[in-house]
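One structure is given here, and the rest of the page talks about it.
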Amino acid sequence: MKGRATGGLIVALLTLMLAACTVVDLDADGKPIMPKDPNAKPGYSNQTPQQIAESGWASRVQQPAEQQALSWADMETKSHTVKAGASESVFVRAGGVVTAFDNSNARERHLTMTINGKPVQVQIGPVLRSNAIRDAAGFRFDEFTNQVQYAQLTKALNRHAVKQLPAVDASWVGKPVQALLAVTMAPGKVDDVVAIQLQQGSP
């Protein structure tokens, strides 16, 4: 009787242990697919910079830019709060008249717009040499695997931004344009201005 009771107890314990086990799915390589930790920090270790730029464009760039953009005047005021030796990037909505189109370097074209009475050079690509979009969007280094991935995100975001722009040529000169921009400010001045959206016409 005693042996039978012990055997029954063992079977009961094994049944409980099996019931407590979670069945884990396997991926194509036969490795277990672990569920995401709900308390884990957001990260992009499993995505390429291009995938991050494309999947996050609407939520991290376009929508914040459209909803939170400063006016050009407010941006200029804010630039005076930037600490010496530092920089800060923000989204800005501005309107102005195009006074020049520079395509002397076919890969790094610029528009010059008169905004609030001042000439402003706006990068329109296809190569944009600026971190303005990445930094204005609030991407942080600790979201990424390493410095290389973080730096590559800048190029991916810039390439994606250029795809959103209309075809710009010399015919834009002399015409009013409404622009959504990513701007990098230094203390009391503007360093980089990158186009996110451009549309001919007055507001």
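According to mature numbering (1 follows the signal peptide of the UniProt record, and there is no 0), the sequence shown holds residues -20 to -1, 1 to 183 in order.
Every residue, glycine too, gets a C-beta built ideally from N, C-alpha and C.
Check the C-beta distance from residue 220 over to Phe71 and give it rounded, since I have them as a contact under 8 angstroms.
Residue 220 lies beyond the range of the chain shown here (-20 to 183); nothing can be said about it.
Distance between Ile104 and Ser110 (C-alpha atoms, nearest Å)
11 angstroms
Option in Ile176, Val173, Phe81, Pro99 with minimal Cα separation from Leu91
Phe81
What is the C-beta distance between Ala182 and Pro156, in whole angstroms, given that I count them as a contact (C-beta under 8 angstroms)?
For the sequence presented, residue 182 should be read as Ser rather than Ala. Confirmed, about 5 angstroms.
Near Asp172, what residues of its chain come up, given a Cβ to Cβ distance below 6 angstroms and the 5 sequence neighbours on each side ignored?
Ser110, Ala112, Thr164
CB-CB length for Val62 against Ala166, believed under 8 angstroms
6 angstroms
Can you give me the start and stop residues for the alpha helix (DSSP H) that Gln177 sits inside?
Careful: Gln177 lies outside any alpha helix (DSSP H), inside the beta strand (DSSP E) at 169 to 180.
Compute the Euclidean distance between the alpha carbons of Asn96 and Thr79, then round it to the nearest angstrom.
13 angstroms
When DSSP builds the beta bridges, which residues end up paired with Asp54?
For Asp54, which the question treats as bridged, DSSP gives no partner whatsoever.
According to DSSP, simplified to helix, strand and coil, what is Asp115?
helix
At the level of alpha carbons, what is the spacing between Asn83 and Val170?
22 angstroms
For His140, list the residues DSSP reports as bridge partners.
The partner list for His140 (beta bridge, DSSP) is empty, contrary to what the question assumes.
Since Ala45 is in the alpha helix (DSSP H), which residue starts that stretch and which ends it?
43 to 48
Determine the closest residue to Gln158 out of Gln179, Arg139, Trp52, Asp149, with distance taken between C-alpha atoms.
Gln179
Which of helix, strand or coil does DSSP assign to Asp149?
coil
Please classify Arg120 as buried or exposed, where buried requires at least 16 other C-beta atoms within 10 Å of its C-beta.
exposed
Mark residue 206 as exposed unless 16 or more other C-beta atoms lie within 10 angstroms of its C-beta, in which case mark it buried.
Limits of the chain in this structure are -20 at one end and 183 at the other, which puts residue 206 out of reach.
Chain D beta carbons: is any one of them nearer than 9 angstroms to that of Gln179?
As a matter of chain content, chain D is missing from the structure shown, which is built from one protein chain.
Residues bridged to Pro156 by DSSP?
Val77
To the nearest angstrom, report how far apart His140 and His60 are at their CA atoms.
30 angstroms
Terminal residues of the continuous beta strand (DSSP E) containing Gly105?
98 to 106
Can you give the Cα-Cα distance for Lys143 and Ser51, rounded to whole angstroms?
24 angstroms
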